[in-house]
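Colleague: Chain order of the listed sequences is H and Z. The opening residue of the first sequence carries number 411 in the working numbering; numbering runs sequentially from there. The opening residue of the second sequence carries number 1103 in the working numbering; numbering runs sequentially from there.
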Amino acid sequence: MSAPATVSPSAPAPAPPRSGERARKATELAFRVRELGIVLALGLLILVTGILEPRFVGAGSLRDLALNASIIAILAVGQTLVILTRNIDISVGSILGLTAFMAGSLLSNNPDLPIPLVMVLGMGLGGACGLLNGVLVTYGKVPALVVTLGTLYIFRGLAFLWTDGRQVNAETLPDRFLNLGTESLFGIPILVLFALVVVLVVGQYLRDMRSGRELYAIGSNPEAARLAGVRSDRRVNTAFLVSGALAGLGGVLFTARFGTVDATAGTGYELTVVAAAVVGGVAVFGGSGSVYGAALGALLLGSITSSLIVLKVDAFWQMAAIGGLLLLAIAIDRFVSLRLEAALRQRSSRRAG
Amino acid sequence: VPAETATTKSAGMAGVRALLGRWEVLVAALFLLTCVVGQNLSGEFLTADSFTTASLDLSEVALMALALALVVVAAEIDLSVASVLALSSAVMAELWNAGLPLELIMPICIAVGALCGAVNGFLVTRLGLPSLAVTIGTLALFRGLAYVVIGDESVTDFPIAWTDRAFGNFGGTAIPNTMILFAFLAIGFGVLLHATPFGRSVFAIGANEEAARFSGLRVKRIKMWLFVMSGAVAALAGVVISLRNSTAAANVGQGFELVAVAAVVLGGISIFGGKGSILGVVLALGLLGAIQKSLTLAEGISSYWVQIVIGTLLIGSVLGPNLVRRARETRGGSKPSRRGLWPSRRAATPNAPQH
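1) At 7 Å on the CB atoms, spell out the chain H contacts of P1232(Z), in chain order.
2) DSSP state of S1348(Z), grouped into three classes?
3) Identify the residues that DSSP records as bridge partners of S594(H): which are they?
4) Residues of chain Z with a CB under 8 Å from the CB of L562(H): which are they?
5) I'd like to know if K551(H) contacts chain Z, where contact means its C-beta is closer than 9 Å to some C-beta of that chain.
6) Is it buried or exposed, G676(H), if we count other Cβ atoms within 10 angstroms and call 16 or more buried?
7) Cutting at 7 Å between CB atoms, please list the residues of its own chain near G460(H), excluding the five before and the five after it.
8) List the residues of chain H whose Cβ lies closer than 8 Å to the Cβ of V1367(Z), in chain order.
9) Is the shortest distance between the beta-carbon of D1254(Z) and the beta-carbons of chain H less than 9 Å?
10) Tell me whether T1298(Z) is buried or exposed, calling it buried when 16 or more other Cβ atoms sit within 10 Å of its Cβ.
11) Which residue's Cα is closest to the Cα of E1359(Z): A1242(Z), R1315(Z), F1260(Z)?
12) With 9 Å set as the bound, which would you pick, yes or no: does the beta-carbon of I505(H) sit closer than that to a beta-carbon of chain Z?
13) For I1277(Z) versus G567(H), is the C-beta spacing smaller than 9 Å?
14) I'd like the list of long-range same chain contacts for L616(H), defined as Cβ closer than 6 Å, with 5 residues on each side in sequence excluded.
15) Kindly indicate which residue of Q728(H), R757(H), V545(H) has the alpha-carbon position closest to the one of G654(H).
16) Looking at the C-beta of S1348(Z), does it have a partner C-beta in chain H at a distance below 9 Å?
17) Closest Cβ-Cβ distance between G1246(Z) and chain H: below 9 Å?
18) Any Cβ of chain H within less than 9 Å of the Cβ of L1243(Z)?
19) Report yes or no: do the stretch 1145 to 1162 of chain Z and the stretch 1390 to 1399 of chain Z share at least 3 C-beta pairs separated by less than 8 Å?
20) Considering only C-alpha positions, which residue in the set V1330(Z), I1412(Z), S1379(Z) is nearest to A1213(Z)?
21) Pick out whichever of A638(H), A687(H), Y679(H) has its Cα sitting closest to the Cα of G703(H).
22) Would you mind telling me which residues of chain H sit closer than 8 Å to V1250(Z), beta carbon to beta carbon, in chain order?
23) Okay, do the stretch 641 to 650 of chain H and the stretch 548 to 567 of chain H touch, 3+ Cβ pairs below 8 Å being the bar?
24) Quick one: is E1280(Z) buried, meaning 16 or more other Cβ sit within 10 Å of its Cβ, or exposed?
25) So, at 8 Å on beta carbons, what are the nonlocal neighbours of A1362(Z) in its own chain, with the 5 sequence-adjacent residues on each side left out?
26) If you reduce the DSSP assignment to three classes, tell me which class C1353(Z) lands in.
27) Measure the alpha-carbon distance for I1207(Z) versus L738(H) and round it to whole angstroms.
28) Give me the DSSP bridge partner(s) of V1257(Z).
29) Under a Cβ-count criterion, where at least 16 other Cβ atoms within 10 Å of its own Cβ denotes burial, should V602(H) be classed as buried or exposed?
30) Run through DSSP, which three-state label would V1118(Z) get?
31) If you draw a straight line from the C-alpha of R586(H) to the C-alpha of M529(H), how long is it?
32) Does the beta carbon of T1136(Z) come closer than 9 Å to any beta carbon on chain H?
33) Closer than 8 Å between beta carbons: that is the criterion. Which residues of the stretch 1205 to 1227 of chain Z meet it against chain H?
34) Please check the pair L1229(Z) and A741(H), which I expect to be a contact at CB under 8 Å, by giving their CB distance rounded to whole angstroms.
35) Using a C-beta to C-beta distance shorter than 8 Å, which residues of chain H count as neighbours of Q1409(Z)?
36) Taking just the CA atoms, how far does A708(H) sit from F1305(Z)?
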């Protein structure tokens, strides 16, 4: 926004440049409002729950809230990159299961292994799984839904073969690893710090880096992006790789948090993760949304569950509430984008006229 | 699958080639191969008993895959089917507890399923929301409502006359009654998709929605019916699974939606719509059942391989033809191909329906 502020009072017959300005402002505002909307919903939820049950806004309770959402948030960040490119990755739950068990069995067999190394290995395995998805989508030209549905089964099957019915127990894991899931640094749980770092790094990447912007271009119009010289295949591969690597990191953190891990770890996470991204305003047709929204979506979904528990609402309402929220979110997005489209069309027609 | 134009070879050769190139033939061949391998892995494989149990296990997924196939041909998707199944089961349990007769409960359950489908259809056609996002939402919503209806209780005291009907075989044969039901529905959906104007409209919508609308098809109404049918059949599957296991609960059929999608894709129905056949889906279901049964029967092979084999087949079913096409294209000029979850509608090359 380089133009001088145009907050002029009651302008009669708006001139073309100003209406253009207004439309651009509307566009920017709409995107910011989308995230603000979730923050507002989140604030409202916490406020109402807090009034009805003051214990809910205690430090410990809010800490749990953030703690529970952080693994889903990390996965939702990766998912956002993939969805931005008009693809989807529903294999993340299986990748999480695979790496969670890997981390557990590595550390219970070699308790002296440095934890950063375990994380790198987890992200490496997850990244390899993600890259396989990416290559099948880009070079194999197989639709992402089919590829990742297939690898959802394959990775989960491999996890079952590997574990062969065994499970890793918390007692066999070194304490310094389990502390990751419970301890805090500067008053913030370590797990939450991980999520924050991931969200901020990827958020800045999407905002400022050329290759990050290109992900939006690919999702908005694949053909135009290709003609504009975007190396879409490479970018899409990167998106899948990052999604896999973050699922891998999520797997390692899952083991640190829960201690006990078997082959079923993370079953069904894919739907929660996609739901978090979509509630956070990431459009399933690609090209729009942000990782901040996705992370907030994860937090909101987690908070609803906790709030219903605290309010002693029948636990059975949780899932229905989440489904309803998801539908509401996409319906609002649709409404806003229609209004936005109308505003933009008005602008271009005025310009033409 | 393109039939190559026979310029040098005889028409007969071209016909044979076109037939061999058909997806259904390939799936049938894979099915036969699995049967041979399965029999070698375990002598029990090719027995009436193993057919009965294998097909019983797949009954509900098979029913749901039929209606889902039509939705996918129209380039939409319905991931809420397994949740509709659960809601139907929960409603059935609740009404049974309330003392209603099963003969009345079953149509009510199917109506509830149709209503669920109508909700999906409304959100997709009237509000213009993407079906993938909508049905992920209703996947949670309908399963959630199932829990709201019945909680974590279950009902197991259905009359034996009905549970026997769902669990039993047809008149002393090895064919389960559920498979007879499946056969009727398969024929019904096959005729509907391949031999009626409605079916041709579904193909047209899937191939190019805009063109379909401009040629006067009532796209929204047709899609609405597809979602309603999908919901109704999923609810029927819910009734079947409750009676077959003589247990109605909210947690039945978790993850069935993915198996049903796998069957549809494996059956050669393009996830981009406009292509495929009910016969392909039926054969794919047979293949899935055979793989599942042969690997569980085989001694010394972990049954965990089932998931790996099915996942590989699923990807291979799209990857294989793509690689063949690419090899052909590099031989004679190249053409940009499509990618992504859904192609951009305008860039989509219209695929002529094959039937």
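For every residue, glycine included, the Cβ atom is placed at its ideal position computed from N, Cα and C. Predicted model only: the values in this text are computed from it and were never measured.
Modeller: To lay it out plainly:
1) Locating residue 1232(Z) in the second sequence gives position 130, where the first residue counts as 1. The contacting residues are V694, F695.
2) Here residue 1348(Z) corresponds to residue number 246 of the second sequence, with the count starting at 1. Of the three classes helix, strand and coil, the one that applies to S1348(Z) here is coil, per DSSP.
3) Counting from 1 along the first sequence, the entry for residue 594(H) is found at position 184. DSSP lists P599(H) as partners of S594(H).
4) As a first step, residue 562(H) must be located in the first sequence, where it is residue number 152. Under the 8 Å cutoff, chain Z gives L1360, G1413.
5) Looking up residue 551(H) in the first sequence gives position 141. Yes - at least one Cβ of chain Z is within 9 Å of the one on K551(H).
6) Locating residue 676(H) in the first sequence gives position 266, where the first residue counts as 1. Buried, by the Cβ-count rule.
7) Counting from one through the first sequence, the residue named residue 460(H) turns up at place 50. Correct list, in chain order: F466, V467.
8) Numbered from 1 along the second sequence, position 265 holds the residue referred to as residue 1367(Z). Result: V556, L559.
9) Walking along the second sequence from the start, residue 1254(Z) turns up at place 152. At least one chain H Cβ lies under 9 Å of D1254(Z).
10) On the second sequence, position 196 is the one that residue 1298(Z) refers to. Looking at its Cβ environment, which holds fewer than 16 other Cβ atoms inside 10 Å, T1298(Z) is exposed.
11) Position 257 of the second sequence, counted from the first residue, corresponds to residue 1359(Z). When the alpha-carbon of E1359(Z) is set against those of A1242(Z), R1315(Z), F1260(Z), the nearest one is in A1242(Z).
12) The residue labelled residue 505(H) in the question sits at position 95 within the first sequence. By this cut-off, I505(H) is not an interface position.
13) Along the second sequence, read from residue 1 onward, the residue named residue 1277(Z) stands at position 175. Along the first sequence, read from residue 1 onward, the residue named residue 567(H) stands at position 157. Cβ atoms of I1277(Z) and G567(H): not closer than 9 Å.
14) Counting from one through the first sequence, the residue named residue 616(H) turns up at place 206. Within the same chain, L616(H) has close Cβ partners G622.
15) In the first sequence, residue 654(H) corresponds to position 244, counting from 1. It is V545(H) whose Cα lies nearest to the Cα of G654(H).
16) Numbered from its first residue, the second sequence carries residue 1348(Z) at position 246. At least 9 Å separates the CB of S1348(Z) from every CB of chain H.
17) Counting from one through the second sequence, the residue named residue 1246(Z) turns up at place 144. With 9 Å as the cut-off, G1246(Z) counts as an interface residue toward chain H.
18) Translated into the one-based positions of the second sequence, residue 1243(Z) becomes position 141. True, the Cβ-Cβ gap to chain H drops below 9 Å.
19) yes
20) Position 111 of the second sequence, counted from the first residue, corresponds to residue 1213(Z). Measuring from the Cα of A1213(Z), the nearest candidate turns out to be V1330(Z).
21) Looking up residue 703(H) in the first sequence gives position 293. When each option's Cα is compared against that of G703(H), the closest is A687(H).
22) The residue given as residue 1250(Z) occupies position 148 in the second sequence. Here the neighbours are D724, F726, W727, A730.
23) yes
24) Within the second sequence, the letter at position 178 stands for residue 1280(Z). Note that residue 1280(Z) is Thr in the sequence shown, not Glu. With 16 or more Cβ atoms within 10 Å of its Cβ, T1280(Z) is classed as buried.
25) Mapped onto the second sequence, residue 1362(Z) falls at position 260. So the qualifying residues of the chain are V1163, M1166, A1167, L1170, V1183, A1184.
26) Stepping through the second sequence from its first residue, residue 1353(Z) is reached at position 251. Checking the sequence, you will find Asn at residue 1353(Z) rather than Cys. DSSP places N1353(Z) outside both helix and strand once states are collapsed to three, so it counts as coil.
27) Counted from its first residue, the second sequence places residue 1207(Z) at position 105. Counted from its first residue, the first sequence places residue 738(H) at position 328. If you take the alpha carbons of I1207(Z) and L738(H), they lie about 31 Å apart.
28) Position 155 of the second sequence, counting from 1, holds the residue named residue 1257(Z). Bridge partners of V1257(Z): A1350(Z).
29) Along the first sequence, one-based indexing puts residue 602(H) at 192. When all chains shown are included, V602(H) counts as buried.
30) As a working note, residue 1118(Z) is residue 16 in the second sequence. Of the three classes helix, strand and coil, the one that applies to V1118(Z) here is helix, per DSSP.
31) Along the first sequence, one-based indexing puts residue 586(H) at 176. Along the first sequence, one-based indexing puts residue 529(H) at 119. Approximately 14 Å between the Cα atoms of the pair.
32) For the purposes of this step, residue 1136(Z) is identified with residue 34 of the second sequence, where counting begins at 1. So, not an interface residue.
33) L1225
34) Indexing the second sequence from 1 puts residue 1229(Z) at position 127. Indexing the first sequence from 1 puts residue 741(H) at position 331. That pair is a contact at about 6 Å.
35) Indexing the second sequence from 1 puts residue 1409(Z) at position 307. Simply Y563, I564, R566, G567, F570.
36) Within the second sequence, the letter at position 203 stands for residue 1305(Z). Within the first sequence, the letter at position 298 stands for residue 708(H). Roughly 38 Å between the two C-alpha positions.
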